[in-house]
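Engineer:
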Amino acid sequence: MENNLLFLILGLNFWLLYTNRISRHIGGIAIQSLLLGYLSLFLAISQNQDHFFWPGVLTLLFKGILVPGFMYYILQKIRVSDLKASLVGPKLSVTFGILIVLLSYLETSKLELIAQTRQDYLPVALSTFLIGLVLMVLKQKALLQVAGLIVMENGLYLLAIAIAPNLPFIIELGILFDILVEVIIMGIFIFRINETFASSHVKNLQNLKG
Amino acid sequence: MRTLKRNSDYFHYVLTIFWLIFGSILTYSYYSGNFSTNGFFLTDGLSVYFAGIITLIGTIVSLATPSYLTREEKLHNKTFNRFRFYLYYHLFLATMYFTVLVNNIGITWVAIELTTIVSALLIAFHPNRYTLEAAWKYLIICTVGIAFALLGLFILYRAASLVNPVSLTFRFSDLIFLKDKLNYDLLKLSFIFIFIGYGTKIGLAPMHTWLPDAHSQAPSPISALLSGLLLNSAMYALMRIYALSHPVLGGVSENLFIIFGLISMAVAIPFIVIQKDLKRLLAYSSIEHMGIISFALGVFNPLALLGALLHTLLHSLAKSLAFLAAGDIVLGFKTRNLLRIHGLTKSYPLFGYSFVFLILALAGLPPFGLFSSEFNIGLGASKASKIYPLTLFILFISLIFLGLIYHLGQLGWGKSKKRGSLPNIPYLYLAGIFLLLIVGVYLPAPLVKAINLAVAVVKGGLE
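Same order as they appear, the protein sequences are chains A and B.
Mapping of the first sequence onto the working numbering: position 61 corresponds to residue 61, and the numbering continues sequentially without gaps.
Throughout, the working numbering is defined as the position within the second sequence, counted from one, plus 210.
1. What residues from chain A crowd round B:Ala330, counting only those whose CB sits closer than 7 Å?
2. Distance check for B:Leu303 and B:Leu225, CA to CA, integer angstroms please.
3. For B:Ala237, which option in B:Leu360, B:Phe221, B:Tyr307 has the closest C-alpha, if you only look at C-alpha atoms?
4. I'd like to check one pair, B:Ala359 with B:Ile404: are the Cβ atoms closer than 9 Å?
5. Would you list the one or two residues that DSSP bridges to B:Asn547?
6. Can you name, in chain order, every residue of its own chain whose Cβ lies under 6 Å from the Cβ of B:Leu507, other than the five neighbours on each side?
7. Beta-carbon of B:Val540 versus every beta-carbon of chain A: anything under 9 Å?
8. What are the partner residues of B:Arg381, as DSSP defines its beta bridges?
9. Under 9 Å, Cβ to Cβ, is there at least one residue of chain B near A:Thr128?
10. Put B:Asn244 into one of helix, strand or coil per three-state DSSP.
11. Taking the continuous alpha helix (DSSP H) assigned at A:Asn4, which residues delimit it?
12. So A:Gly210 contacts chain B; which residues on that side make the cut at Cβ distance below 9 Å?
13. Show which residues of chain A have a CB atom less than 7 Å away from the CB atom of B:Pro337.
14. Where B:Leu448 and B:Arg546 are concerned, what is the direct C-alpha to C-alpha distance, given to the nearest angstrom?
15. According to DSSP, is A:Lys139 part of a helix, a strand, or is it coil?
16. Going by C-alpha distance, which of B:Met500, B:Gln485, B:Gly553 is nearest A:Lys254?
17. In its own chain, which residues sit with a C-beta less than 8 Å from the C-beta of B:Gly214, not counting the 5 before and 5 after it?
18. Which residues of chain A have a Cβ atom closer than 9 Å to the Cβ of B:Glu498, listed in chain order?
19. Can you find a heavy atom of the ligand SAM that lies under 8 Å from the Cβ of B:Asn547?
20. Can you pull the chain A residues whose beta carbon is under 8 Å from the beta carbon of B:Val320, in chain order?
21. Leaving out five residues before and five after B:Gly574 in sequence, what residues of the same chain have Cβ atoms less than 7 Å from its Cβ?
22. In the stretch 134 to 145 of chain A, which residues sit with their C-beta less than 8 Å from some C-beta in chain B, listed in chain order?
23. Measure the C-alpha to C-alpha separation of B:Ile263 and B:Leu520 and round it to an integer number of angstroms.
24. Between B:Asn465, B:Ala424, B:Thr247, which has its C-alpha nearest B:Ala594's C-alpha?
25. For the putative contact between A:Lys141 and A:Ser200, defined by C-beta atoms under 8 Å, what is the C-beta separation to the nearest angstrom?
26. So with CB distances below 9 Å, who are the chain A contacts of B:Trp229?
27. When the cut-off is 9 Å and only beta carbons count, does B:Lys288 lie next to chain A?
28. Starting from B:Thr338 and walking both ways along the alpha helix (DSSP H), at which residues does that stretch end?
29. What separation, rounded to the nearest whole angstrom, lies between the Cα atoms of B:Gly650 and B:Ala571?
30. Just the Cα atoms here: how many angstroms apart are A:Asn235 and A:Pro90?
31. Tell me which residues of the stretch 340 to 367 of chain B have at least one Cβ-Cβ distance to chain A shorter than 8 Å, keeping chain order.
32. Within its chain, find whatever has a CB closer than 8 Å to the CB of A:Lys110; leave out the 5 residues flanking it on each side and keep chain order.
33. Let me check one thing: in DSSP terms, what residues is A:Asn201 bridge-paired to?
34. Is A:Thr108 closer than 9 Å to A:Gln119 when the C-beta atoms are compared?
35. Output, in sequence order along the chain, the residues in the stretch 418 to 445 of chain B whose CB is closer than 9 Å to any CB in chain A.
36. Among B:Lys347, B:Ile643, B:Thr379, B:Ser626, whose alpha-carbon lies nearest the alpha-carbon of B:Val566?
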């Protein structure tokens with residue numbers, strides 16, 4: 001069960017690398033966050049690890065429902081340009097993803113001390129984090145960058161499950177709250193960018209130099 | 211509309227007085243030995259020192275803000291929603307106080323993220339092409355950077371829970387007891403991630419790319435807070451991690467600080483020399499000064515650490531005043547292009563000379579305090595026999611000094627062009643220059659005591 005969930009979470013990253021449609025990205029991060037919340041609840045209930053319960057519920061609520069819902073609301077309100085949305089094509093993006101996954105497996109297999117709990121979570125967590133980073137660099141629309149950020153945070157959440165399982169709840173709460181506020185603020189900025197430049201393409205944001 | 215404006219100003223002054231009283235009581239009661247806590251909040255030498263800096267600079271900038279807004283409104287001939295501005299402004303101050311006073315280093319991370327969010331709103335307070343670009347870059351780059359720091363914090367937590375598997379909190383005051391026992395490999399990995407993460411927020415090169423944009427596009431009082439306080443808050447968070455990691459990591463962590471510090475100084479040089487934008491000039495100078503502080507932390511002996519913390523205070527003071535003065539100039543001349551701002555000392559003698567002196571103080575000219583802190587850092591480095599880094603350090607400082615002097619010649623003494631209006635008697639700047647001079651000539655004993663308490667924390671002491 002755990003492994004299936006991890007596999008799905010990893011697989012969704014590739015879908016996000018492949019596609020450039022904003023609506024698909026919003027769906028993708030929603031599903032990924034829901035899977036993550038489900039994984040957390042699964043661990044809490046089936047393995048009696050109660051401290052995963054509330055973070056799981058909040059992940060479902062915040063990252064699975066509220067954040068994608070808000071992003072979808074923004075998408076309805078702004079004009080989305082047809083300009084090139086990614087710096088490189090889908091095939092090259094997916095190749096980057098594969099390289100990252102290979103690298104993550106190689107690197108994390110060396111770390112023996114970390115490996116005392118949940119060894120198989122580590123490569124998935126690391127590659128999700130790094131693929132989120134790649135998404136933020138490659139994708140050239142503001143909303144896609146926000147989606148990349150959520151993917152990065154999902155990777156961090158998996159890492160927290162793997163190596164810091166008894167992290168105090170208040171920190172998890174703070175992190176999730178931060179993400180929610182951050183996405184709302186970014187949404188406000190996307191509205192303003194869209195008003196000012198008549199598009200939310202990041203190519204417009206290259207005036208300041210030196 | 212006018213009553214709303216006046217009421218907003220009252221709201222601002224009431225909160226300013228509140229922060230002043232809060233900060234004064236906190237610092238006074240801590241340094242007189244009546245009060246210290248390590249529960250949810252932590253007051254020790256380091257946090258109270260930084261809270262004191264926030265109080266000092268925050269009060270100065272708060273005093274200058276309403277008149278700046280009035281002049282800006284007059285220039286653009288329209289009114290802003292001042293209440294919203296003040297609301298964000300004081301939220302920003304509150305998040306910075308929270309950053310330096312909270313005990314749990316995970317919550318410190320959350321607080322730093324909150325400072326990013328609030329200050330991005332302030333940077334793009336007047337939304338236009340440039341401010342929006344600056345704020346968006348700032349949000350994206352700092353969020354990604356900070357995500358790396360969180361990765362590092364998780365690994366740090368792992369390292370700590372290997373030592374103490376039961377009931378581990380993430381409080382600094384608890385973790386410091388484990389500092390000698392943490393696993394070397396895990397700690398190294400975590401420290402590198404945290405260094406990159408918080409280093410992005412500090413503005414260390416090559417993660418500094420957001421800094422000149424954000425600091426130059428923000429309204430000038432906000433630039434003053436960003437340069438004077440926000441960079442410090444991030445530096446504070448990194449110093450905490452440093453205090454935890456240094457006992458085990460030793461030279462590895464020191465070298466990171468030295469290398470990134472020197473890179474930051476080197477990167478700032480060309481941009482300072484060829485700069486055409488007054489506020490960007492000051493922003494690059496901030497990168498340089500953060501590099502100096504980072505270098506000093508890397509040297510890690512009492513002299514250099516004293517220099518680092520003294521430099522933090524004095525840079526905050528000089529840079530925030532310089533940004534406020536730059537704001538006056540930009541409003542008065544209606545441009546921030548250095549080629550079009552000439553002859554300040556001729557047209558506006560008192561204001562012009564105080565601006566010149568502020569820039570000289572930032573450049574590190576001897577009678578000013580920043581010279582003595584830089585001198586201490588250099589002396590510390592030579593005692594630690596770090597000869598090559600010290601040579602580069604002195605070389606970079608001299609080059610930047612020359613660059614600033616070059617700009618100063620045109621700014622202060624070029625062909626005089628009287629435009630707009632600048633404040634006749636800049637009391638705040640004069641007071642600030644006076645303070646900078648006093649500290650440069652003679653270090654007051656209470657300040658030395660406060661700095662030594664802070665140094666003790668960085669060196670891994672428990673009090």
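Where a beta carbon is used, it is the ideal one built from N, C-alpha and C, also for glycine.
Structural biologist: Looking at the coordinates:
1. By one-based count along the second sequence, residue 330 of chain B stands at place 120. Neighbours of B:Ala330 on chain A, chain order: Ile185.
2. Looking up residue 225 of chain B in the second sequence gives position 15. Looking up residue 303 of chain B in the second sequence gives position 93. A direct Cα-to-Cα measurement between B:Leu225 and B:Leu303 gives close to 10 Å.
3. For the purposes of this step, residue 237 of chain B is taken as residue 27 along the second sequence, with counting starting at 1. First, the residue type needs correcting, since residue 237 of chain B is Thr and not Ala in the sequence shown. The shortest C-alpha separation from B:Thr237 is found at B:Tyr307.
4. Position 194 of the second sequence, counted from the start, is the residue given in the question as residue 404 of chain B. Position 149 of the second sequence, counted from the start, is the residue given in the question as residue 359 of chain B. Against a cut-off of 9 Å, the Cβ pair of B:Ala359 and B:Ile404 comes out as a contact.
5. Residue 547 of chain B sits at position 337 when you count from the first residue of the second sequence. According to the DSSP secondary-structure assignment, B:Asn547 is paired through a beta bridge with B:Asp487.
6. Working through the second sequence from its first residue, we reach residue 507 of chain B at position 297. Closer than 6 Å at Cβ, skipping near neighbours: Phe467, Ala518.
7. The residue labelled residue 540 of chain B in the question sits at position 330 within the second sequence. Under the Cβ distance rule, B:Val540 does not count among the residues neighbouring chain A, no pair being separated by less than 9 Å.
8. The sequence position of residue 381 of chain B within the second sequence is 171, counting from 1. BP columns for B:Arg381 point to B:Asn314.
9. Here the question's residue 128 of chain A lines up with position 128 in the first sequence. Chain B contact via Cβ: absent.
10. One-based indexing of the second sequence puts residue 244 of chain B at position 34. Coil at B:Asn244, not helix or strand.
11. Here residue 4 of chain A refers to the residue found at position 4 when the first sequence is read from its first residue. Note, A:Asn4: alpha helix (DSSP H), 2 to 18.
12. Translated into positions along the first sequence, residue 210 of chain A becomes position 210. Result: Pro422, Phe481, Ile484, Gln485, Lys486, Asp487, Arg490.
13. As a working note, residue 337 of chain B is residue 127 in the second sequence. Correct list: Arg192, Thr196.
14. Here residue 448 of chain B corresponds to residue number 238 of the second sequence, with the count starting at 1. Here residue 546 of chain B corresponds to residue number 336 of the second sequence, with the count starting at 1. Distance between the alpha carbons of B:Leu448 and B:Arg546 is about 33 Å.
15. Reading the first sequence from its first residue, position 139 is the one you call residue 139 of chain A. Strand.
16. Because residue 254 of chain A is not part of the residues shown, which for chain A are 1 to 210, the question remains open.
17. Here residue 214 of chain B corresponds to residue number 4 of the second sequence, with the count starting at 1. The identity of residue 214 of chain B in the sequence shown is Leu, whereas the question assumes Gly. These residues qualify, in order along the chain: Arg292, Phe293.
18. By one-based count along the second sequence, residue 498 of chain B stands at place 288. By Cβ distance, chain A contributes nothing, its closest Cβ being about 16 Å from B:Glu498, past 9 Å.
19. The model on display carries no ligand, and the ligand SAM is accordingly not part of it.
20. Numbered from its first residue, the second sequence carries residue 320 of chain B at position 110. The contacting residues are Ile171, Gly174, Ile175, Phe177, Asp178.
21. The residue given as residue 574 of chain B occupies position 364 in the second sequence. Hits under 7 Å: Leu580, Phe581, Glu584, Ile607, Phe611.
22. Taking 8 Å as the upper bound on Cβ-Cβ separation, chain B lies near residues Met136, Ala142, Gln145 of the stretch 134 to 145 of chain A.
23. Along the second sequence, one-based indexing puts residue 263 of chain B at 53. Along the second sequence, one-based indexing puts residue 520 of chain B at 310. Roughly 11 Å between the two C-alpha positions.
24. Sequence index remark: in the second sequence, residue 594 of chain B carries index 384 (1-based). Closest by alpha carbon: B:Asn465.
25. Counted from its first residue, the first sequence places residue 141 of chain A at position 141. Counted from its first residue, the first sequence places residue 200 of chain A at position 200. For A:Lys141 against A:Ser200, the beta-carbon gap comes to about 6 Å, under 8 Å, which counts as contact.
26. Taking the second sequence and counting its residues from 1, one reaches residue 229 of chain B at position 19. Neighbours of B:Trp229 on chain A: none; closest Cβ ~23 Å, over 9 Å.
27. On the second sequence, residue 288 of chain B is found 78 positions in, with the first residue counted as 1. So, not an interface residue.
28. Numbered from its first residue, the second sequence carries residue 338 of chain B at position 128. As written in the sequence, residue 338 of chain B is Asn, which differs from the Thr given in the question. If you look at B:Asn338, you'll find it isn't in any alpha helix (DSSP H); DSSP assigns it neither H nor E.
29. As a first step, residue 650 of chain B is located in the second sequence; it is residue number 440 there, counting from the start. As a first step, residue 571 of chain B is located in the second sequence; it is residue number 361 there, counting from the start. Computed Cα separation, rounded: 10 Å.
30. Since the first residue shown for chain A is 1 and the last is 210, residue 235 of chain A is missing from the structure and cannot be characterised.
31. Against chain A - using a Cβ distance shorter than 8 Å - the residues of the stretch 340 to 367 of chain B are Tyr340, Leu342, Glu343, Ala344, Ala345, Trp346, Lys347, Leu349, Ile350, Thr353, Val354, Ala357, Leu360, Leu361, Phe364, Ile365, Tyr367.
32. Looking up residue 110 of chain A in the first sequence gives position 110. If the five residues before and after A:Lys110 are omitted, its C-beta is found closer than 8 Å to no C-beta atom of its own chain.
33. Here the question's residue 201 of chain A lines up with position 201 in the first sequence. Reading the sequence as shown, one finds His at residue 201 of chain A and not Asn. In DSSP, A:His201 forms a bridge with A:Lys141.
34. What you label residue 119 of chain A is simply residue 119 of the first sequence in a count that begins at 1. What you label residue 108 of chain A is simply residue 108 of the first sequence in a count that begins at 1. Cβ atoms of A:Gln119 and A:Thr108: closer than 9 Å.
35. Contacts with chain A (Cβ-Cβ distance below 9 Å) from the stretch 418 to 445 of chain B involve Pro422, Asp423, Ser426, Gln427, listed in chain order.
36. Indexing the second sequence from 1 puts residue 566 of chain B at position 356. Looking from the CA of B:Val566, the closest CA among B:Lys347, B:Ile643, B:Thr379, B:Ser626 belongs to B:Ile643.
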